[in-house]
Amino acid sequence: MEREEGKGECIEKGGDARQSTSLFKIKKTKALLAYKTVPGTKKLKKLVHITLQFLAMFLSLVGLWAVWKFHDEKEIDHLYTLHSWLGLSCIIIFSLQWAAGFLTFWYPGGSRSDRASLLPWHVFLGVFLYVLAIATSVTGLLEKSIFMQSAKMIGRFSTEAMLMNSLGMMLILLGALVILAIFNPGAGKIDTYRGSSE
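Pasting the structure below:
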């Protein structure tokens with residue numbers, strides 16, 4: 566069976582880009598939970614948060630570059646799937662969010678009233694971006710599965726197809742648990758308790 570030029574190779578050799586985006590999700594997850602899980606001062610938590618977010622942004626840009634380069638080399642169109650639109654939107658909004666957060670909350674830092682008024686929007690946008698990253702990952706898995714099934718590389722109920730479906734479900738569960746951890750009012754009390762004993 567003849568495959569569309571480049572599609573099978575993109576699927577088989579696209580590991581670098583997928584690894585980069587997987588690392589993005591890991592760093593983003595850790596960064597979102599930094600305020601709940603990192604012991605220490607607020608300034609330390611903020612430093613961990615912004616550093617992990619920067620690493621996540623860097624890895625997402627490396628992943629985008631790798632995919633773009635591969636598509637150029639194989640003469641595959643860019644930005645023709647929902648996955649690519651979601652991914653590019655996520656990277657652009659995330660980069661703007663990081664820059665605004667850095668300038669407002671880190672250096673040079675906004676006034677106390679500016680920070681207080683922007684914080685709810687910063688948190689909302691951060692959680693929204695996390696959900697968008699999960700959606701991008703799940704659509705990427707779906708896209709890969711469809712390409713591989715169309716190329717007759719795997720069957721509908723093959724181990725690989727079931728693995729991709731299971732991974733998609735686990736990503737959704739991870740997203741739900743991370744959001745629960747962020748908004749769980751009892752989780753923040755741990756820091757207060759820890760802080761009082763130091």
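Everything in the sequence shown is counted per our numbering, starting at 566 for the first residue and increasing by one. Glycine is no exception: its CB is placed at the ideal position from the N, C-alpha and C atoms. Computed from a prediction, not measured in an experiment: that's the story for all the values here.
Report the rounded CA-to-CA distance for residue i versus residue j, giving the unit in angstroms.
i	j	result
Met-718	Glu-725	10 Å
Leu-647	Ser-676	39 Å
Thr-602	Lys-595	9 Å
Lys-639	Asn-749	47 Å
Ile-744	Phe-693	10 Å
Ile-591	Gln-662	18 Å
Ile-658	Lys-593	14 Å
Ile-641	Gln-714	19 Å
His-643	Ser-678	43 Å
Confirm, please, whether the CB-CB distance from residue j to residue i is below 7 Å.
i	j	result
Leu-736	Ile-699	yes
Cys-655	Leu-697	yes
Met-622	Ser-660	yes
Trp-686	Ile-615	no
Leu-706	Gly-733	yes
So residue i and residue j are supposed to be a Cβ contact under 8 Å. How far apart are they, rounded?
i	j	result
Leu-624	Phe-589	5 Å
Leu-626	Thr-704	About 19 Å; that fails the 8 Å criterion.
Per DSSP, what kind of secondary structure is residue i in: helix, strand or coil?
i	result
Tyr-695	helix
Gly-705	helix
Val-688	helix
His-614	helix
Met-718	coil
Ile-657	helix
Could you tell me whether the stretch 629 to 643 touches the stretch 602 to 609, using the rule of 3 or more Cβ pairs below 8 Å?
When Cβ pairs closer than 8 Å are counted between the two stretches, the stretch 629 to 643 is seen not to touch the stretch 602 to 609, the count staying below three.
If we count Cβ pairs, one from each stretch, closer than 8 Å, do we get three or more for the stretch 729 to 746 versus the stretch 704 to 711?
They touch, by the three-pair rule.
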